[in-house]
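Asks: This note's numbering numbers the first residue of the sequence shown as 104 and each following residue consecutively. Take a look at this one; I'll ask things after.
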Amino acid sequence: MQVYEAPLRDMRFVIHELHQDDGFGNLEALEEFTPDLVDAILEEAGKVAQEVLLPLNRSGDIEGCTLENGVVRTPKGFKEAYDLFREGGWCALASDPEWGGQGLPEAVNKMTEEMICSANLSFSLYPGLTHGGTTAIEAYASDELKQFYLPRMVSGEWSGTMCLTEPHCGTDLGMLRTKAVPQDDGSYKISGTKIFISAGEHDLTENIIHLVLARLPDAPEGVKGISLFLVPKYLPKEDGTPGPSNGVSVAAIEHKMGLKASATCQLNFDESVGWLVGKPHKGMEAMFKMMNTERVSVGIQGLGIGEAAYQSAVYYARERLQGRSLSGVKNPSGPADPIIVHPDVRRMLMTMRAYNEGCRALGAWVSRALDAEKHATDPAVKQRAEDFIALMTPVVKALFTDLGHESANLAVQVYGGHGYIAESGVEQYARDARIAMIYEGTNGIQALDLVGRKMPAHMGRYLRSFFHPVSQFIEASKGDEQFQPMIEALEKAFGALQLSTATIAQKGMKDPEEAGAAATDYLRLTGLVAMAYCFAKSALIARDRLAGGTEEAGFYKAKLATAQFYFDRILPQATAAFLAIKAGKRSMMALEDAAF
């Protein structure tokens with residue numbers, strides 16, 4: 104069954120204990136968010152996730168969204184839940200106070216996102232996409248557009264979407280055909296068709312603000328000729344109330360594998376009135392502001408599903424009686440032992456647990472950098488934060504969603520035949536998790552971004568934002584006899600990452616296909632090393648807390664055990680990734696196209 108309790112203790116650990124030495128803290132602009140206040144916010148978010156959103160997750164999946172007379176209806180209970188969510192201020196957590204937001208640190212906001220995604224991933228897309236849209240509008244729109252649209256979007260009164268994909272083009276946006284014709288009053292008439300638009304139409308808000316990529320009549324070919332436009336569903340009146348329809352219609356809603364309570368729409372724009380966001384032909388720059396924000400959030404979606412799947416699997420493994428323990432009977436009063444006693448079930452549960460804790464720790468590190476990028480007053484800190492975010496965004500998006508999907512599948516396996524049956528609820532996690540590896544740029548595209556853009560940028564400057572702290576930690580920890588094997592394993596994996604970087608740089612300069620062939624393995628290797636670094640730091644902190652005496656000995660012992668499992672059973676994947684990278688493209692590209 105679907106069970107979930109917000110992992111507040113681990114969240115407090117990564118916020119208050121793990122990353123205090125990363126150089127991204129002590130930001131004057133965020134001083135009001137004391138540990139006590141942060142803990143209170145997280146606790147309340149956990150209640151909303153558990154008590155309001157989780158009960159709607161399976162029912163929303165069963166009912167799905169419906170299209171009636173051009174209007175999309177969300178499942179029963181979603182409108183009431185959204186109203187409660189909005190009235191509680193949860194839509195406005197991380198937005199700028201200038202527009203009615205609460206200015207919450209991203210390190211806290213991302214953990215709130217995780218809880219929402221764990222409880223109800225479909226629901227999370229409605230406020231999540233709106234927040235992404237506000238980042239693009241805030242960064243690139245005119246003051247007039249900001250003043251009118253941002254307060255209403257930040258509050259959740261209006262929602263937002265991003266409209267990129269067309270029937271004939273997805274990743275290759277240079278092929279898009281949607282047209283924007285200038286009007287005498289400074290507006291534009293937008294005409295074209297967009298597909299796969301998440302939250303493109305629904306009944307949760309009174310207006311929906313679409314950010315649409317389109318071409319001006321004089322636009323150059325390719326991606327250099329794309330502009331971004333703000334197109335409301337209804338043309339608002341001066342007081343903000345909805346006015347006439349703006350020529351935006353729903354042709355269909357997609358019948359999807361998962362996320363059935365999130366309306367994914369085919370939208371037609373028929374001379375819809377829109378306004379330019381940013382400069383002409385510079386729409387990709389503005390859209391990527393939104394997409395990069397969304398890519399980190401999509402990674403958090405993977406973590407959210409992984410945590411929910413893990414907790415549901417643990418619940419079942421404790422309850423399901425099958426067989427006897429290999430080391431002797433553990434439940435003598437029952438007909439069998441609970442399956443949690445079996446080593447292979449433990450392997451699956453510990454794998455999910457390690458994935459979740461590793462992703463949460465790495466995600467918090469990146470989130471702290473997001474805060475430093477925005478609020479740091481020291482230019483060097485701000486630059487290092489920007490570099491680290493640029494490097495880690497594709498890693499967070501791809502790695503977290505890969506591991507979240509793997510955890511969802513492991514949960515189905517723990518349940519056995521019951522996991523394959525809809526009534527258990529865990530097969531929904533496997534279906535819902537799958538899209539996160541695809542949208543906002545497939546994980547293969549993320550890997551190409553990492554090796555093609557991020558790795559060589561500024562002569563490797565982005566890499567230094569990650570390599571330096573890892574190298575310094577290894578050198579500082581080598582004398583720790585108790586953890587010497589762990590530090591040596593981290594050093595070995597880090598060495599493999601460094602060698603892989605050099606190999607790809609050398610081969611890729613001569614043959615771009617070599618870099619492309621190595622990309623996915625390189626991204627996985629980078630993520631494995633980053634999580635290993637976080638686990639090693641976690642283990643040292645846990646050891647010190649236990650040595651000093653603590654009332655939470657159970658938590659820190661579990662942290663040590665999970666870290667050890669990661670180093671014993673998961674980090675060895677780094678060697679396989681290194682060997683695959685070293686092998687190069689030859690066997691991958693050997694077959695002629697016709698031979699497949």
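Where is the CB? At the ideal position from N, CA and C, for every residue including glycine. Just so it is clear, the structure is predicted and the values come from calculations on it, not from any experiment.
Could I get the ranges of all uninterrupted beta strand (DSSP E) runs contained in the segment 318-381, with 3 residues as the minimum, in chain order?
Replies: List check, beta strand (DSSP E) in window: 330-335, 337-339, 345-348, 351-356, 367-380.
Asks: Taking 8 Å as the cut-off, decide whether the C-beta atoms of H478 and L133 are in contact.
Replies: Numbered from 1 along the sequence shown, position 375 holds the residue referred to as residue 478. Numbered from 1 along the sequence shown, position 30 holds the residue referred to as residue 133. Against a cut-off of 8 Å, the Cβ pair of L133 and H478 comes out as a contact.
Asks: So if DSSP puts A283 in a beta bridge, which residue, or which two residues, is it bridged to?
Replies: Translated into positions along the sequence shown, residue 283 becomes position 180. Per DSSP, I293.
Asks: For the candidate residues G343, Q575, A697, T629, whose alpha-carbon lies nearest to that of A737?
Replies: In the structure as shown, the chain begins at 104 and stops at 699. Residue 737 is therefore absent and cannot be evaluated.
Asks: Buried or exposed, going by whether 16 or more other CB atoms sit within 10 Å of the CB of A195?
Replies: Locating residue 195 in the sequence shown gives position 92, where the first residue counts as 1. With 16 or more other Cβ atoms within 10 Å, it is buried.
Asks: For the segment 637-650 against the segment 575-583, do three or more pairs of beta-carbon atoms, one drawn from each stretch, fall closer than 8 Å, so that the two count as touching?
Replies: Contact holds: three or more Cβ-Cβ distances are below 8 Å.
Asks: Given that a residue counts as buried once 16 or more other Cβ atoms are within 10 Å of its Cβ, and exposed if not, what is A464?
Replies: In the sequence shown, counting from the first residue as 1, residue 464 sits at position 361. So A464 ends up on the buried side.
Asks: If you drop the 5 nearest sequence neighbours on each side, which residues of the same chain put their C-beta closer than 6 Å to that of N395?
Replies: Within the sequence shown, the letter at position 292 stands for residue 395. Cβ within range, chain order: T496.
Asks: My output table needs one value for H384: the three-state DSSP class, helix, strand or coil.
Replies: Locating residue 384 in the sequence shown gives position 281, counting from the first residue. Coil at H384, not helix or strand.
Asks: Please look up how many angstroms separate the CB atoms of V175 and I356, rounded, as I've assumed it's under 8 Å.
Replies: For the purposes of this step, residue 175 is taken as residue 72 along the sequence shown, with counting starting at 1. For the purposes of this step, residue 356 is taken as residue 253 along the sequence shown, with counting starting at 1. At roughly 6 Å, the Cβ-Cβ gap stays under 8 Å, so V175 and I356 are in contact.
Asks: From the DSSP output, read off the bridge partner residues of H313.
Replies: Position 210 of the sequence shown, counting from 1, holds the residue named residue 313. According to DSSP, which records beta bridges pairwise, H313 is partnered with T264, V334.
Asks: Quick test of your reading: V334 and V315, contact by CB under 8 Å. State the CB separation rounded to the nearest angstrom.
Replies: Within the sequence shown, residue 334 is the residue found at index 231, counting from 1. Within the sequence shown, residue 315 is the residue found at index 212, counting from 1. Yes, V334 and V315 are in contact; Cβ-Cβ is about 5 Å, under 8 Å.
Asks: Do G203 and S258 have their C-beta atoms closer together than 8 Å?
Replies: The residue you call residue 203 lines up with position 100 of the sequence shown. The residue you call residue 258 lines up with position 155 of the sequence shown. A contact, by the Cβ cut-off of 8 Å.
Asks: From G350 to D373, what distance separates their C-alpha atoms?
Replies: The count along the sequence shown starts at 1 and reaches residue 350 at position 247. The count along the sequence shown starts at 1 and reaches residue 373 at position 270. Rounded to whole angstroms, G350 to D373 spans 5 Å at the Cα level.
Asks: Less than 8 Å between the C-beta atoms of L145 and L121, yes or no?
Replies: Sequence index remark: in the sequence shown, residue 145 carries index 42 (1-based). Sequence index remark: in the sequence shown, residue 121 carries index 18 (1-based). Not in contact: L145 and L121 (Cβ atoms no closer than 8 Å).
Asks: Check whether the Cβ atoms of F368 and E304 lie closer than 8 Å to each other.
Replies: Taking the first residue of the sequence shown as position 1, residue 368 is located at position 265. Taking the first residue of the sequence shown as position 1, residue 304 is located at position 201. In the sequence as displayed, the identity of residue 368 is Cys instead of Phe. In this structure, E304 lies closer than 8 Å to C368 by Cβ.
Asks: Decide if G386 is buried, meaning its Cβ has at least 16 other Cβ atoms within 10 Å, or exposed.
Replies: Residue 386 sits at position 283 when you count from the first residue of the sequence shown. It counts as buried.
Asks: I need the boundaries of the alpha helix (DSSP H) containing R471, first residue and last residue.
Replies: On the sequence shown, residue 471 is found 368 positions in, with the first residue counted as 1. It spans 446-478 - the alpha helix (DSSP H) in which R471 sits, taken as one unbroken run.
Asks: Does the count of Cβ pairs from the segment 603-619 and the segment 671-688 closer than 8 Å reach three?
Replies: Yes, the segment 603-619 touches the segment 671-688.
Asks: Are the Cβ atoms of L224 and G407 separated by less than 8 Å?
Replies: The residue labelled residue 224 in the question sits at position 121 within the sequence shown. The residue labelled residue 407 in the question sits at position 304 within the sequence shown. Taking 8 Å as the Cβ cut-off, L224 and G407 qualify as a contacting pair.
Asks: Evaluate the contact criterion for the segment 314-329 versus the segment 377-392: three or more CB pairs, one atom per stretch, below 8 Å.
Replies: Touching, per the Cβ criterion.
Asks: What separation, rounded to the nearest whole angstrom, lies between the Cα atoms of A650 and K382?
Replies: Position 547 of the sequence shown, counted from the first residue, corresponds to residue 650. Position 279 of the sequence shown, counted from the first residue, corresponds to residue 382. Looking at the two C-alpha atoms, the distance is approximately 59 Å.
Asks: To the nearest angstrom, how far is it from the Cα of S348 to the Cα of E154?
Replies: Residue numbering aside, residue 348 sits at position 245 when the sequence shown is read from its first letter. Residue numbering aside, residue 154 sits at position 51 when the sequence shown is read from its first letter. One C-alpha to the other measures close to 36 Å.
Asks: Taking the DSSP output, what are the residues bridged to I300?
Replies: What you label residue 300 is simply residue 197 of the sequence shown in a count that begins at 1. DSSP lists C368 as partners of I300.
Asks: If I follow the unbroken alpha helix (DSSP H) through T169, where does it start and stop?
Replies: As a position in the sequence shown, residue 169 is number 66, starting the count at 1. Where T169 is concerned, there is no enclosing alpha helix (DSSP H), although the beta strand (DSSP E) it sits in stretches over 169-171.
Asks: Between the alpha carbons of T308 and A152, how many angstroms are there, rounded?
Replies: Residue 308 sits at position 205 when you count from the first residue of the sequence shown. Residue 152 sits at position 49 when you count from the first residue of the sequence shown. If I take the Cα positions, the gap works out to 20 Å.
Asks: If I follow the unbroken beta strand (DSSP E) through R189, where does it start and stop?
Replies: For the purposes of this step, residue 189 is identified with residue 86 of the sequence shown, where counting begins at 1. Premise fails: R189 lies in the alpha helix (DSSP H), 181-190, not in any beta strand (DSSP E).
Asks: Under three-state DSSP, which class holds P110?
Replies: What you label residue 110 is simply residue 7 of the sequence shown in a count that begins at 1. Three-state result, P110: coil.
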